[in-house]
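Asks:
Number of protein chains: 2
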Amino acid sequence: MKDMPIGIFDSGLGGLTVMSQIMKLMPCEDIIYFGDTARVPYGSKSQESIIKYSMQIASFLLEKKVKIIVVACNTASALALPSLRKKLSVPVIGVIEPGAKYAVNATRNGRIGIIGTEGTINSSSYVKEIKRIDIKKKAFTQACPLFVPLVEEGWLSHPITYLIIEEYLKALTKKNIDTLILGCTHYPLIKKAIQKKVGKKTELVDSASATAGEVLKILKKDGLKSERQRKARYQFFVSDSPKKFQHVGQRFLGKLPMWVKKINLEEK
Amino acid sequence: MKDMPIGIFDSGLGGLTVMSQIMKLMPCEDIIYFGDTARVPYGSKSQESIIKYSMQIASFLLEKKVKIIVVACNTASALALPSLRKKLSVPVIGVIEPGAKYAVNATRNGRIGIIGTEGTINSSSYVKEIKRIDIKKKAFTQACPLFVPLVEEGWLSHPITYLIIEEYLKALTKKNIDTLILGCTHYPLIKKAIQKKVGKKTELVDSASATAGEVLKILKKDGLKSERQRKARYQFFVSDSPKKFQHVGQRFLGKLPMWVKKINLEEK
Chain A
3 MKDMPIGIFD SGLGGLTVMS QIMKLMPCED IIYFGDTARV PYGSKSQESI IKYSMQIASF
63 LLEKKVKIIV VACNTASALA LPSLRKKLSV PVIGVIEPGA KYAVNATRNG RIGIIGTEGT
123 INSSSYVKEI KRIDIKKKAF TQACPLFVPL VEEGWLSHPI TYLIIEEYLK ALTKKNIDTL
183 ILGCTHYPLI KKAIQKKVGK KTELVDSASA TAGEVLKILK KDGLKSERQR KARYQFFVSD
243 SPKKFQHVGQ RFLGKLPMWV KKINLEEK
Chain B
3 MKDMPIGIFD SGLGGLTVMS QIMKLMPCED IIYFGDTARV PYGSKSQESI IKYSMQIASF
63 LLEKKVKIIV VACNTASALA LPSLRKKLSV PVIGVIEPGA KYAVNATRNG RIGIIGTEGT
123 INSSSYVKEI KRIDIKKKAF TQACPLFVPL VEEGWLSHPI TYLIIEEYLK ALTKKNIDTL
183 ILGCTHYPLI KKAIQKKVGK KTELVDSASA TAGEVLKILK KDGLKSERQR KARYQFFVSD
243 SPKKFQHVGQ RFLGKLPMWV KKINLEEK
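Chains as they are written, first to last, in the numbering used here: chain A, 3 to 270; chain B, 3 to 270.
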């Protein structure tokens, strides 16, 4: 049981930022990653579709005998986590609870900003989670639908990227926030640009590392942490062609050799 | 047979620009439109996936007894048209052949530019079709992956949209083209902004009207044109929630009352 792999999934590539943090924190844990590249992005789709897709992927990961499932996608965490937890027998961790918890501890003036996809922002999941932890904290949100296409286009520090960040964050920066949650796994790739625009005094919370910490905590608590001392094995599965995933994946994970296989979820 | 509806499909909303032209040209023809909003966008996905999705949608439209199928999506036209034509018994029209034909007739200096999604541009479909009609014409291409998210965000005349157009068209405008094919059904919505950037001397070819003309021609040729004199009926089907489709759809089609129903293609 302890030596079974960790399962991670995302709508596409973004979840690799979470995988990267888990690899750093738990270098001996095997990982199976699933990217739903045939149906990416999730951010603008309905809750019903997101729940269906998430359940299909979770079933696939369970067939692969994972000991825990990490929903490394903010939209799926926001819209499908309760359904997954209800139906699955392994622990399921999303990125929203760890990110919200970290932000609540980090803020000094109690004013937290949240940026994400339309799906994540409209679900109000971060706001609800922040209020659940501390009702007195103030939360302000902004959907930024162009950030994901910008990252996928590779315009990480392009002048236009700075202009789009400015446009989206205009209203938020007037709210005197001192903490900003990057509520989408793609956003850490434009973290430097965002930091420049909001200024050094605003702390950026990247859910990826908070989530990795939470995974470690749960594995320890449930006695599921691997005690092996060997190099971990990583496997990648996608629902569309592996080629683009391998290519853009290196932007997220560095030049790790990636063994990527295509799986047809719809016919499962 | 003559009074059966025209079937139109697209990855999402973009094909409504084609539908709108067909409605103008053939106001008595009933139309059934399918938007694959659960899997949009097609532009960055593999040919294998695009063929699978297109076949599923075509089967659905045939169940609805359409007399002709219009592939109102450049990516699906580029990647799935031969497969559809091989397997279907009704005429199948894509947007690429009519657009290429129009451009070849329109150019005065024989230099044609083509912009589109990654999938459309990488397929070289427009270039092949232009060369098939007239080998002496020169064709120059540029993928513009951020245009679709910009249109969906509604930034149709935003200053940032102008900057992104400038960035993408920089190389193309140096090629001395006098004709530019808008090789994606979303692009007509930023046609004014594109025209401003390329200048009045460059003619923009919007495949939508060229395609509508081609549909009329084929219906007449095959004796399939409706001779009824009544107001046409329009039905819309989507694979994700109808709500967003109805909302953004009006940006494409005007304030037409839209009857939209969700269909689960994967389980068909």
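Heads up, the beta-carbon is just placed ideally off N, CA and C, and yes, glycines get one too.
Relative to the ligand MN, is the shortest distance from any of its heavy atoms to the C-beta of A:V129 smaller than 8 angstroms?
Replies: What this structure holds is no ligand at all, so the ligand MN is not there to describe.
Asks: Considering just the uninterrupted stretch of the alpha helix (DSSP H) at B:V92, what are its terminal residues?
Replies: Neither: B:V92 is in no alpha helix (DSSP H) and is coded neither H nor E.
Asks: Can you tell me which of the three DSSP states A:G37 falls into?
Replies: It is a strand residue.
Asks: Out of B:Y236, B:A173, B:L148, B:K257, point me to the one whose CA is closest to B:P43's CA.
Replies: Comparing Cα-Cα distances from B:P43 to each of B:Y236, B:A173, B:L148, B:K257, the minimum goes to B:L148.
Asks: Cutting at 8 angstroms between CB atoms, please list the residues of its own chain near A:K67, excluding the five before and the five after it.
Replies: Cβ neighbours of A:K67 beyond the five flanking positions: M6, P7.
Asks: Quick one: is B:R2 buried, meaning 16 or more other Cβ sit within 10 Å of its Cβ, or exposed?
Replies: A query on residue 2 of chain B cannot be resolved here, the shown segment of chain B reaching from 3 to 270 and no further.
Asks: Spell out the partners DSSP gives B:Q237 in its beta bridges.
Replies: B:I34
Asks: Which ranges would you report for the beta strand (DSSP E) in the region 15-89 of chain A if only whole runs of at least 3 residues count?
Replies: Qualifying beta strand (DSSP E) stretches, in chain order: 33-37, 70-73.
Asks: Please confirm whether B:S46 and B:L81 have their CB atoms less than 9 angstroms apart.
Replies: It is not a contact, given that the beta carbons lie outside the stated cut-off.
Asks: What residues are listed by DSSP as bridge partners for A:A141?
Replies: A:I114
Asks: Rounded to the nearest angstrom, what separates A:L206 and A:E65 at their Cα positions?
Replies: Using only the alpha carbons, I get a separation of about 37 angstroms.
Asks: If you check the beta carbons only, do A:E169 and B:I162 fall under 9 angstroms apart?
Replies: yes
Asks: Would you check if the region 242-249 of chain A and the region 203-219 of chain A touch, i.e. whether three or more CB-CB distances between them fall below 8 angstroms?
Replies: no
Asks: Measure the C-alpha to C-alpha separation of B:V20 and A:R235 and round it to an integer number of angstroms.
Replies: 49 angstroms
Asks: Quick one: is A:E216 near chain B, going by C-beta distance under 9 angstroms?
Replies: no
Asks: Since B:S106 is in the beta strand (DSSP E), which residue starts that stretch and which ends it?
Replies: According to the sequence shown, residue 106 of chain B is Val rather than Ser. No beta strand (DSSP E) contains B:V106, which is instead part of the alpha helix (DSSP H) from 98-108.
Asks: Taking A:I162 as part of the alpha helix (DSSP H), name the residues at either end of that continuous run.
Replies: 161-175
Asks: In chain A, which residues lie with their C-beta within 7 angstroms of the C-beta of B:I192?
Replies: Going along chain A, no residue has its Cβ under 7 angstroms from B:I192, so there is no contact; the nearest lies around 14 angstroms.
Asks: Tell me, please, which residues DSSP counts as bridged to B:K203.
Replies: Answer is none; B:K203 lacks a bridge partner.
Asks: Check the Cβ of B:P259 against every Cβ in chain A and list those closer than 7 angstroms, keeping chain order.
Replies: By Cβ distance, chain A contributes nothing, its closest Cβ being about 22 angstroms from B:P259, past 7 angstroms.
Asks: Give me, in chain order, the residues of the same chain whose beta-carbon lies closer than 7 angstroms to that of B:K227; leave out the 5 immediate sequence neighbours on both sides.
Replies: K4, L221
Asks: Just by C-beta distance, which residues in the region 225-237 of chain B are closer than 8 angstroms to chain A?
Replies: From the region 225-237 of chain B, no residue has a Cβ closer than 8 angstroms to chain A.
Asks: Quick one: which chain A residues come within Cβ less than 9 angstroms of B:S243?
Replies: K47, S48, Q49, E50, S51
Asks: Could you have a look at B:L221 and say whether DSSP puts it in helix, strand or coil?
Replies: helix
Asks: So which residues of chain B does A:L18 contact, with C-beta pairs closer than 9 angstroms?
Replies: Chain B residues near A:L18: none, gap ~17 angstroms exceeds 9 angstroms.
Asks: Return helix, strand or coil for B:I8, following the three-state DSSP convention.
Replies: strand
Asks: CB-CB under 7 angstroms to A:P29, same chain, minus the five flanking residues each way: which ones, in chain order?
Replies: A234
Asks: Using a Cβ-Cβ cutoff of 8 angstroms, what residues of the region 95-115 of chain B are near chain A? List them in chain order.
Replies: none
Asks: I need the straight-line Cα distance from A:W261 to A:F36, nearest angstrom please.
Replies: 12 angstroms
Asks: So which of A:E120, A:G121, A:V94, A:I132 has the shortest CA-CA distance to A:G112?
Replies: A:I132
Asks: In the structure shown, what three-state DSSP assignment does B:G185 receive?
Replies: coil
Asks: For B:E120, which residues of its own chain have a beta-carbon under 6 angstroms away from its beta-carbon, when the five flanking residues on both sides are left out?
Replies: G45, S46, A145, P147
Asks: Report yes or no: is there a C-beta of chain B within less than 9 angstroms of the C-beta of A:L174?
Replies: no
Asks: How would you list, in chain order, the residues of chain A whose beta-carbon sits under 8 angstroms from the beta-carbon of B:R41?
Replies: A40, R41
Asks: Name the two residues that bound the continuous alpha helix (DSSP H) containing B:K245.
Replies: 244-255
Asks: Do you know how far the Cα of A:Q23 is from the Cα of A:F254?
Replies: 11 angstroms
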